[in-house]
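J.:
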Amino acid sequence: MHEMPQIITIQLNGEPFTLPRCSSVSDLLTRIASEEKTVATVINDQIVRPENRSAARLEEGDRVEILIFAGGG
Amino acid sequence: MDSLHLGSYTFSSRLILGTGKFSSSSVMLEAVKASGSQLVTVALRRFNREQPEDDLFTPLSAIPGITLMPNTSGASTAAEAVRAARISRELSGSPFIKVEIHPNPQHLMPDSIETYEASKILAKEGFLVMPYIPADPVLAKRLEEAGCASVMPLGSAIGSGQGLATAEMLRIIIRESNIPVIVDAGLRSPSEAALAMEMGCGAVLVNSAVAVAGDPPAMAEAFAEAVAAGHKACRAGIMDKSGMAVATSPLTAFLGPAS
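Given below as structure tokens:
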């Protein structure tokens, strides 16, 4: 039987990023040390609201955008 | 003092401050406080682990009475702007969105067609849409009819400091508009902001002029005073111009000639 690799690679803000299989969006935020409340998370063009982040599992090849408010006019 | 009404929101300040181009977040926050602005713009950007201090949401939210108005800068099509607006609303919790679509970084002139399309969609979705537009009276009227909360015509190119180059078109937009007209972009000095308000603008949006000033908090305060003075003058009723002198002292009953 073929064993599933324990590491997956996602596209995080346009760059490859590896993390353990079965990681949630919340796990990813913890790993990159971003504040839960002050970022927006978008997985494959779908907004993932804060209350859904711990249940949202990341899969190989997912396109993940972590967004903040920066200075702008 | 009368207030600025945008949707169901009421603001006593008529100065909207942008948060870009400041030398540091702390200087920007001091300028926001000094400006008395209640509506400030921010830009949606990717989180960068190397620069976590770029995140302005927490420090801005800590200032009492501040409402965030995210912009869609970076978008060059209506579809990109709509996507950015929806994500921004999730993060800001604010219905305000500054629709800003400029495909050419050389001049940053807004794309009227894409801006109109995005504004129409977002207004239907319940956003308080604040489109950044060329000073075009026809476009301004079409955006009003599409349900925008305001129109934000440019005084001159973003960051150019060329002031109210579009003044005559702005006068037409103001005269024809039933929603607040907010001059956005190009203002260099407080006197230009005062003039915009004297012309009947509902508010002005300033960023570069404050951000790159020698003392940004002091300049923010100066703009706030100018905006308040200009608005007060507009409401007070500004005298008409005359091609001839009109005496202020009586021209009769002067004392008799010296003997």
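Chains as they are written, first to last, in this note's numbering: chain C, 1098 to 1170; chain F, 730 to 988.
We put the beta carbon where it would ideally sit given N, CA and C, even for glycine.
Candidates F:Asp944, F:Ser841, F:Leu797: which alpha carbon is nearest F:Ser821's?
T.: On the second sequence, residue 821 of chain F is found 92 positions in, with the first residue counted as 1. Considering only alpha carbons, the answer is F:Leu797.
J.: Below 8 Å, can you find three or more Cβ-Cβ pairs linking the segment 968-987 of chain F to the segment 943-959 of chain F?
T.: Short answer: they don't touch.
J.: Considering only the beta carbon of each residue, do F:Pro866 and F:Ile901 sit closer than 8 Å?
T.: Here the question's residue 866 of chain F lines up with position 137 in the second sequence. Here the question's residue 901 of chain F lines up with position 172 in the second sequence. Yes.
J.: Suppose you measure from the CA of C:Ser1123 to the CA of F:His960; what does that come to, to the nearest Å?
T.: By one-based count along the first sequence, residue 1123 of chain C stands at place 26. By one-based count along the second sequence, residue 960 of chain F stands at place 231. Using only the alpha carbons, I get a separation of about 48 Å.
J.: Which one of F:Val939, F:Ser753, F:Gly855, F:Glu874 has the shortest CA to CA distance from F:Ala670?
T.: Nothing in the structure corresponds to residue 670 of chain F, since chain F is present only between 730 and 988.
J.: Name, going along the chain, the residues of the segment 739-759 of chain F whose beta-carbon falls closer than 8 Å to a beta-carbon of chain C.
T.: Those would be Gly747, Thr748, Gly749, Lys750, Phe751, Ser754, Met757, in chain order.
J.: Strictly by DSSP, which residues pair up with C:Gln1143?
T.: In the first sequence, residue 1143 of chain C corresponds to position 46, counting from 1. C:Gln1143 is bridged to C:Ile1140.
J.: Name the two residues that bound the continuous alpha helix (DSSP H) containing F:Asn871.
T.: In the second sequence, the residue the question calls residue 871 of chain F occupies position 142. The sequence shown places Arg at residue 871 of chain F, not Asn. Counting along the chain, the alpha helix (DSSP H) containing F:Arg871 begins and ends at 866-874.
J.: Is F:Gly857 helix, strand or coil when you go by DSSP?
T.: Sequence index remark: in the second sequence, residue 857 of chain F carries index 128 (1-based). What sits at residue 857 of chain F in the sequence shown is Leu, not Gly. Here F:Leu857 sits in strand by DSSP.
J.: Using three-state DSSP, classify F:Asn800 as helix, strand or coil.
T.: As a working mapping, residue 800 of chain F is identified with position 71 in the second sequence. It is a strand residue.
J.: What are the residues in the segment 800-814 of chain F lying within 7 Å of chain C by C-beta distance?
T.: Listed by position along the chain: Asn800, Ser802.
J.: Could you tell me whether the Cβ atoms of F:Leu916 and F:Ala923 are closer together than 8 Å?
T.: Here residue 916 of chain F corresponds to residue number 187 of the second sequence, with the count starting at 1. Here residue 923 of chain F corresponds to residue number 194 of the second sequence, with the count starting at 1. The answer is no: Cβ separation not under 8 Å.
J.: Using a Cβ cut-off of 8 Å (strictly closer), state whether C:Glu1148 contacts chain F.
T.: Against the first sequence, residue 1148 of chain C aligns to sequence position 51. With 8 Å as the cut-off, C:Glu1148 does not count as an interface residue toward chain F.
J.: Please classify F:Met834 as buried or exposed, where buried requires at least 16 other C-beta atoms within 10 Å of its C-beta.
T.: Stepping through the second sequence from its first residue, residue 834 of chain F is reached at position 105. Checking the sequence, you will find Pro at residue 834 of chain F rather than Met. F:Pro834 comes out exposed.
J.: For a contact meaning CB atoms closer than 7 Å, what does C:Ala1153 contact in chain F?
T.: Counted from its first residue, the first sequence places residue 1153 of chain C at position 56. Neighbours of C:Ala1153 on chain F: none; closest Cβ ~14 Å, over 7 Å.
J.: Scan the segment 1154-1165 of chain C for residues whose Cβ lies nearer than 8 Å to a Cβ of chain F and list them as they occur along the chain.
T.: If the cut-off is 8 Å between Cβ atoms, the segment 1154-1165 of chain C has Glu1162, Ile1163, Leu1164, Ile1165 near chain F.
J.: What's the gap between the Cα of F:Thr806 and the Cα of F:Thr787?
T.: On the second sequence, position 77 is the one that residue 806 of chain F refers to. On the second sequence, position 58 is the one that residue 787 of chain F refers to. Distance between the alpha carbons of F:Thr806 and F:Thr787 is about 29 Å.
J.: Identify the contact partners of C:Asn1110 in chain F, using a Cβ-Cβ distance below 9 Å as the criterion.
T.: Reading the first sequence from its first residue, position 13 is the one you call residue 1110 of chain C. In chain order: Arg775, Phe776, Asn777.
J.: Mind the definition here: the segment 766-782 of chain F touches the segment 1150-1169 of chain C only if three or more C-beta pairs lie below 8 Å; say whether that holds.
T.: Touching, yes.
J.: Report the rounded CA-to-CA distance for F:Gly736 versus F:Leu857, giving the unit in angstroms.
T.: In the second sequence, counting from the first residue as 1, residue 736 of chain F sits at position 7. In the second sequence, counting from the first residue as 1, residue 857 of chain F sits at position 128. Roughly 6 Å between the two C-alpha positions.
J.: Along chain F, in chain order, which residues have C-beta atoms closer than 9 Å to that of C:Thr1115?
T.: Numbered from its first residue, the first sequence carries residue 1115 of chain C at position 18. Going along chain F, no residue has its Cβ under 9 Å from C:Thr1115, so there is no contact; the nearest lies around 15 Å.
J.: Answer with yes or no whether the minimum CB distance from C:Ile1107 to chain F is below 8 Å.
T.: Here the question's residue 1107 of chain C lines up with position 10 in the first sequence. Output row for C:Ile1107: interface = no.
J.: So with CB distances below 7 Å, who are the chain F contacts of C:Leu1135?
T.: Sequence index remark: in the first sequence, residue 1135 of chain C carries index 38 (1-based). Here residue 1135 of chain C turns out to be Thr, not Leu, going by the sequence shown. Chain F residues near C:Thr1135: Asp784, Phe786, Thr787.
J.: Between C:Ile1140 and chain F, is there a C-beta pair that is closer than 8 Å?
T.: Counting from one through the first sequence, the residue named residue 1140 of chain C turns up at place 43. It does not; no Cβ of chain F falls within 8 Å.
J.: Could you tell me whether the segment 932-947 of chain F touches the segment 742-762 of chain F, using the rule of 3 or more Cβ pairs below 8 Å?
T.: Contact holds: three or more Cβ-Cβ distances are below 8 Å.
J.: Kindly indicate if chain C contains any beta-carbon less than 8 Å away from that of F:Thr895.
T.: Along the second sequence, one-based indexing puts residue 895 of chain F at 166. Chain C, which has no Cβ nearer than 8 Å to the Cβ of F:Thr895, makes this no.
J.: So if DSSP puts F:Lys961 in a beta bridge, which residue, or which two residues, is it bridged to?
T.: Against the second sequence, residue 961 of chain F aligns to sequence position 232. BP columns for F:Lys961 are empty, so no partner.
J.: I need the straight-line Cα distance from F:Arg904 to F:Ser764, nearest angstrom please.
T.: Numbered from 1 along the second sequence, position 175 holds the residue referred to as residue 904 of chain F. Numbered from 1 along the second sequence, position 35 holds the residue referred to as residue 764 of chain F. The alpha-carbon atoms of F:Arg904 and F:Ser764 are separated by roughly 28 Å.
J.: Reducing DSSP to helix, strand and coil, say where C:Ile1129 ends up.
T.: For the purposes of this step, residue 1129 of chain C is taken as residue 32 along the first sequence, with counting starting at 1. The answer is coil: DSSP assigns C:Ile1129 none of H, G, I, E or B.
J.: Spell out whether any CB of chain C is found under 8 Å from the CB atom of F:Leu857.
T.: The sequence position of residue 857 of chain F within the second sequence is 128, counting from 1. So, not an interface residue.
J.: If you measure from the beta carbon of F:Ile816 to each beta carbon in chain C, is any gap under 8 Å?
T.: For the purposes of this step, residue 816 of chain F is identified with residue 87 of the second sequence, where counting begins at 1. Closer than 8 Å to some Cβ of chain C, the Cβ of F:Ile816 qualifies, so yes.
J.: Hey, F:Ile850 and F:Val811 are a contact pair by Cβ (cut 8 Å); roughly how many whole angstroms apart?
T.: Against the second sequence, residue 850 of chain F aligns to sequence position 121. Against the second sequence, residue 811 of chain F aligns to sequence position 82. Contact holds; Cβ gap of about 5 Å.
J.: In three-state DSSP terms, what is F:Arg818?
T.: The residue given as residue 818 of chain F occupies position 89 in the second sequence. It is helical.
J.: Who are the Cβ neighbours of F:Asp731 in its own chain at under 8 Å, not counting the five residues just before and after it?
T.: For the purposes of this step, residue 731 of chain F is taken as residue 2 along the second sequence, with counting starting at 1. The answer, listed in chain order, is Arg964.
J.: Can you tell me whether DSSP reads C:Val1121 as helix, strand or coil?
T.: Locating residue 1121 of chain C in the first sequence gives position 24, where the first residue counts as 1. Per the sequence shown, residue 1121 of chain C should be read as Ser rather than Val. Looking at C:Ser1121 - three-state DSSP - the assignment turns out to be strand.
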